[in-house]
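Below: the structure, in structure tokens.
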Amino acid sequence: MALDVLLGLQWGDEGKGKIVDYLANQYDIIARFQGGPNAGHTIVIGSDKYVLHTIPSGIFRPDVQNLIGNGVVVDPIILAKEIRGLREAGLKMENLLISSKAHLILPTHRWLDAASEAAKGDAKIGSTLKGIGPTYMDKTGRNGLRIGDINAGTFKEKYNNLSSKHQQLLEIYPSVDFKYEEEKAKWFEAIEEISWIPVVDCQYYVNDALKSGKKILAEGAQGSMLDIDFGTYPYVTSSNTVTSGVCTGLGVAPKNVGKVLGITKAYCTRVGSGPFPTELNDEMGEKLRALGKEFGATTGRPRRCGWIDIPQLKYTIMINGVDSLCVTKLDILNEFDVIKIAKHYTIDGKQTDQLPYDLTGADIKIDFDEMPGWKVDLEDINDLSDLPQAAKDFIAEIERLLEVPVNFVSKGPERRNLLVR
Ligand code: GDP
Ligand code: IMO
Ligand code: MG
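-11 is the number of the first residue of the sequence shown in my numbering; add one for each residue after it.
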């Protein structure tokens, strides 16, 4: 009886969606446990590309149930649009479920997100402006609205109370453009539109499934370095993106958590503000961005690019209890003569593998190792043993430094572009 976990070990966009889609046919249920439509998980099947924001990435497998867990925050407008898009692509959507305890993102949450960011000026988080922070604030502040409230007679009244509270709060912020009445009307239409989705008591659904021998994969969103407790605070998201978030985000006991698969790019990216020790602000960074098509799947913003960071990965492997690794986007390094690996940090003259309390102000010197590139197209390689020696050496070095086996290597956006050990 076990629920496996797949999550990102960096600052998000590690390629989680692609790997979940690949693995989904080995599971009965795929479940999102945190985050909301700040996520953008890309899945490429043949010539078709899909970006999922709220819906788990197992949705393309009709026999697999896809559960939006209680830890997720849901914007009905975005969810309704996602469902419309998938139906147009021919999906029946009979395999989607939602927790009664998932919180709702109101239009005024998005408005507050924008106003809060405007007030911060240069110190802004670089939020996706989807209302994530304000919605989780209302959840922990015990003011939120949940999916299970929709059919109660008091739903409109609860909505109006919360919304007017937000409007009072907005007076302390700089004014930002927001067509509230229009957004409110769209929101209530979307609430109607998603009303067909079966609502479940997530905690019973998940535990009953485990008891009856079903296999569940929890799909992380964002990345471990964006975790509210362990990420680069305050430049983080507002949920626990790490393994422990699975327990509270789905209602599963720690003893039922099985294998943890951590995803890392062969390099590193970050979108939004905040520290990024191995960031490349030069033509090398530009090259990674151009070759890796590193533009946000949710906001289209250019992603900041840098080299793979071993101390950072050791930290997230430790917190998540990672059992095995998947290295994605190896193909993006095909054209590089030299590939760098950040092996250690030196802080205040002392070499360390530990991340300091605050990466923002820290004066970190990075000790890089250089490895030769392979300079070969990986497109036609279908087996790990056929990788060029330099690519094999790069993967072996990552395994050696991180002390965790690499069981998957991804070398292209498509479902089939995956080497499995
Ligand atoms: P997620 O949020 O972790 O699911 O990742 P995103 O979808 O935001 O970003 C990953 C991007 O890289 C998407 O455009 C994927 O299609 C793409 N991708 C995933 N794996 C690979 C890979 O191995 N090689 C290449 N070239 N692209 C990949
Ligand atoms: P996936 O699941 C990358 C970043 C934002 C910002 C910070 C806070 O696709 O990997 P928020 O909207 O959550 O208040 O923004 O977190 N961020 C992501 N970066 N991938 C994501 O999701 C992200 N979700 C949020 O850019 O810096
Ligand atoms: Mg993404």
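Quick reminder that beta carbons are idealized off the backbone N, C-alpha and C, glycines included.
The ligand IMO heavy atom lying under 7 Å from the CB of residue i
i       : result
Trp(-1) : yes
Gln210  : yes
Gly294  : no
Asn195  : no
Tyr223  : yes
Lys167  : no
Gly260  : yes
Asn54   : no
Leu276  : no
Ser115  : yes
Lys172  : no
Ile120  : yes
Gly23   : yes
Leu67   : no
Lys37   : no
Gly4    : With the sequence shown as reference, residue 4 is identified as Lys, and Gly is not the correct amino acid for it. Lys4: yes, Cβ under 7 Å from the ligand IMO.
Leu268  : no
Leu347  : no
Leu214  : yes
Asn477  : Lying before the first or after the last residue shown, residue 477 is absent from the chain, which here runs from -11 to 409.
Asn26   : yes
6 Å CB neighbourhood of residue i in its chain, flanking five on each side removed
i      : result
Asp311 : Lys247 and Val248
Gln232 : The sequence given here places Ser at residue 232; Gln does not occur at that position. Answer for Ser232: no residue qualifies.
Arg289 : Val259
Gly46  : Ala12, Ile18, Val52 and Asn54
Thr30  : Gly5, Val39 and Ala285
Pro401 : Val32
Val279 : The sequence shown places Leu at residue 279, not Val. Around Leu279: Ile320.
Beta-carbon contacts of residue i that lie in its chain and below 7 Å, excluding the five residues immediately before and after
i      : result
Leu343 : Pro299, Gln300 and Tyr303
Asn370 : none
Asp297 : Cys256, Pro265, Thr266 and Ala330
Pro95  : Tyr168, Glu171, Lys172 and Trp175
Pro186 : Leu85
Lys69  : none
Met98  : The amino acid at residue 98 is misidentified as Met; the sequence shows Arg. Closer than 7 Å at Cβ, skipping near neighbours: Leu117, Lys118 and Gly119.
Arg291 : Asp1, Thr257, Arg258, Val259, Arg277, Glu282, Phe283 and Gly284
Gly309 : Thr231 and Val248
Ile383 : Val315, Val394 and Val397
His41  : Pro25, Ala27, Gly28, Ile66, Glu70 and Thr286
heavy atom of the ligand GDP below 7 Å from residue i C-beta
i      : result
Asn395 : no
Ile386 : no
Ala227 : Going by the sequence as given, residue 227 is Ser instead of Ala. Because no heavy atom of the ligand GDP lies under 7 Å away, the Cβ of Ser227 does not count as near it: no.
Leu74  : no
Asn308 : no
Leu413 : Lying before the first or after the last residue shown, residue 413 is absent from the chain, which here runs from -11 to 409.
Val32  : yes
Ile320 : yes
Gly233 : no
Asn405 : yes
Thr304 : no
Pro186 : no
Lys399 : yes
Thr470 : Since the first residue shown for the chain is -11 and the last is 409, residue 470 is missing from the structure and cannot be characterised.
Lys80  : no
Thr316 : yes
Lys89  : no
Lys328 : no
Closer than 7 Å: residue i CB and nearest the ligand ZN heavy atom
i      : result
Ser312 : Ligands displayed in this structure: the ligand GDP, the ligand IMO and the ligand MG; the ligand ZN is not among them.
Residues of its chain near residue i, where Cβ-Cβ distance is below 8 Å and the 5 sequence neighbours each way are ignored
i      : result
Leu390 : Ile298, Leu301, Lys302, Ile305 and Leu313
Lys353 : Tyr333, Thr334 and Ile335
Leu157 : Leu100
Leu198 : Met(-11), Ala(-10), Leu(-9), Ile204, Val240 and Asn244
Chain B contact for residue i (CB, 8 Å cutoff)
i      : result
Gln300 : Looking at the structure shown, chain B is missing, and only one protein chain is on hand.
Go through the residues and name those whose CB comes closer than 5 Å to any heavy atom of the ligand MG, in chain order.
Selection output, chain order preserved: Asp1, Gly28 and Ala285.
Between the segment 117 to 133 and the segment 178 to 195, do three or more beta carbon pairs fall short of 8 Å?
With the rule of 3 Cβ pairs closer than 8 Å, the segment 117 to 133 does not count as touching the segment 178 to 195.
Taking one C-beta from the segment 212 to 228 and one from the segment 258 to 265 each time, how about it: are there three or more such pairs within less than 8 Å?
Yes, the segment 212 to 228 is in contact with the segment 258 to 265.
Check whether the segment 351 to 371 touches the segment 317 to 330, taking contact to mean three or more Cβ pairs, one atom from each stretch, closer than 8 Å.
The count of Cβ pairs closer than 8 Å, one atom from the segment 351 to 371 and one from the segment 317 to 330, reaches three, so the stretches are in contact.
Is the segment 60 to 72 touching the segment 18 to 28 in the sense that three or more CB pairs, one from each, lie closer than 8 Å?
The segment 18 to 28 makes contact with the segment 60 to 72: 3 or more CB pairs, one atom from each, lie closer than 8 Å.
Can at least three beta-carbon pairs, one atom from the segment -5 to 5 and one from the segment 200 to 220, be found at a separation below 8 Å?
The answer is yes - the segment 200 to 220 touches the segment -5 to 5, with three or more Cβ pairs under 8 Å.
3 or more residues per run - each beta strand (DSSP E) lying fully within the segment 228 to 264
Runs of beta strand (DSSP E) with 3 or more residues, each lying fully within the segment 228 to 264, are found at 245 to 253 and 256 to 258, listed in chain order.
Restricting to runs no shorter than 4 residues, where is the alpha helix (DSSP H) found entirely within the segment 133 to 205?
Segments of the alpha helix (DSSP H) lying fully in the segment 133 to 205: 143 to 158, 168 to 181 and 190 to 199.
Give a yes or no on contact between the segment -2 to 14 and the segment 233 to 244, applying the rule of three or more CB pairs nearer than 8 Å.
Short answer: they don't touch.
Taking 8 Å as the threshold, find out whether the segment 89 to 106 comes into contact with the segment 131 to 145 through three or more Cβ pairs.
With three or more CB-CB distances shorter than 8 Å, the segment 89 to 106 counts as touching the segment 131 to 145.
Complete runs of the beta strand (DSSP E) confined to the segment 55 to 94 [at least 3 residues]
DSSP runs (the beta strand (DSSP E)) wholly in the segment 55 to 94: 84 to 87.
Uninterrupted alpha helix (DSSP H) stretches inside the segment 272 to 337 (no shorter than 4 residues):
As far as the segment 272 to 337 is concerned, its whole alpha helix (DSSP H) runs of at least 4 residues are 298 to 308.
Which runs of the alpha helix (DSSP H) fall wholly inside the segment 360 to 393 and span at least 4 residues, in chain order?
Counting whole runs of 4 or more residues, the segment 360 to 393 contains the alpha helix (DSSP H) stretches 377 to 390.
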